[in-house]
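Please read the structure below before turning to the comments.
Numbering (our numbering), first residue to last: 916 to 1233.
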């Protein structure tokens, strides 16, 4: 069940009043919040279309701007470069970022949906299961949530990452390689997954069913989050509100995202039918699962050093 509690995020309505009292327009004048979101960025794209965050933060003197990225790793590179302040990715990108020394913090989480990304092959492929990927070329965005799905599925099949030929490509390039037969399989997430499913015959080898599946995350620059805790609280509160609305209004969400992304509504509807929203606070269980994910990447030799996820969890000042 996908839901969230504003009381959990804000510590009750009194905390929201405190936010509004502390952050006056005069104090926040000329301040900016720059948000990175991915193509088909789900809840952030809905929030952008609704304009409620601009209203909430604008009343406190903030200007909100948005920047789109193909995938999470590129988004976090921009976060590290100081081009954006907050963003949203799957579970692996912040792990790769931590391993690379990027000083980010986890701000909140989104629930996991098992079928929103998958390993797929052409319908006519001779590859029948994940074990059949041994020695084959597999397109995947390095450091993405799809990268972890591939690692986890291979491990379950008794293989390691060294048993395949990974071809690291962003989604648009990976789709072209998949369509022209340059790779044998492709691992990708929605809406790219829904789009390829509706455009040509494909077969899914595996999704997250039966596998460890970490949450997706809202991340931020530690410097920005520590300097602007009230803005982060308001952002999380607006995401919680937007998530509750989105779960109850899937047809409207479909229309919003189709207009933003430029994909047919039928593609977006397929994606929305298998996903749910619910921005939530970071629980010990969510952090522990993310640490398991990081440990698997380290064991597979895909990150250069071990990371401690708990050290990157943002703790808002009281």
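Here a beta-carbon is modelled for each residue, glycine too, at the ideal position from N, C-alpha and C.
Residue range 1032-1037 is occupied by the beta strand (DSSP E) that includes residue 1034. Within the segment 1089-1142, the beta strand (DSSP E) runs of at least 3 residues that lie entirely inside it are, in chain order, 1100-1104, 1117-1121 and 1131-1136. Between residue 1099 and residue 1052, the CB-CB gap stays under 7 Å. Residue 949 sits in a strand when the DSSP states are folded into three classes.
Leaving aside the five residues that flank residue 1106 on each side, the residues in its chain whose CB is nearer than 7 Å to its CB run, in chain order, 955, 1176, 1178, 1182, 1183 and 1186. A distance below 6 Å between beta-carbons, with the five flanking residues on each side excluded, links residue 963 to the following residues of its chain, in chain order: 981. A direct Cα-to-Cα measurement between residue 1193 and residue 1212 gives close to 26 Å. For residue 1029, the three-state secondary structure derived from DSSP is coil.
Per DSSP, the beta bridge partners of residue 981 are 950. Residue burial is scored here from C-beta neighbours: residue 949 has at least 16 other C-beta atoms within 10 angstroms and is therefore classed as buried. Under the three-pair Cβ rule at 8 Å, the segment 1123-1142 counts as touching the segment 1009-1029. Looking at 1129, 1198 and 1024, the one whose alpha-carbon comes closest to that of residue 1060 is 1129. By a beta-carbon distance limit of 8 Å, residue 990 contacts residue 953. Their separation comes to about 6 Å. The beta carbon of residue 1066 sits closer than 8 Å to the beta carbons of 1076, 1211, 1212, 1215 and 1217 from its chain, once the five residues preceding and following it are set aside; these are given in chain order. Secondary structure of residue 1054 (DSSP, three-state): strand.
Residue state for residue 1182 is assigned as helix, using DSSP reduced to three classes.
The three-state secondary structure of residue 1081, taken from DSSP, is strand.
The segment 1079-1093 makes contact with the segment 1042-1056: 3 or more CB pairs, one atom from each, lie closer than 8 Å. The shortest CA-to-CA distance from residue 1159 to any of 1080, 947 and 958 is the one to 958. Boundaries of the alpha helix (DSSP H) around residue 1208: 1199-1214. In the DSSP assignment, residue 1002 falls outside any alpha helix (DSSP H) and lies within the beta strand (DSSP E) extending over 1001-1004.
Residue environment: residue 1190 is assigned as buried (16 or more neighbouring CB atoms within 10 Å of its CB, all protein chains considered). The shortest CA-to-CA distance from residue 1027 to any of 1171, 946, 969 and 1205 is the one to 1205. Around the Cβ of residue 1044, a 10 Å sphere holds fewer than 16 other Cβ atoms; the residue is exposed.
One Cα belongs to residue 1062, the other to residue 969, and the distance between them is close to 34 Å. Take residue 972, set aside five residues on each side of it, and the residues of its chain with a beta-carbon closer than 7 Å to its own are 948, 979, 1146 and 1149, in chain order.
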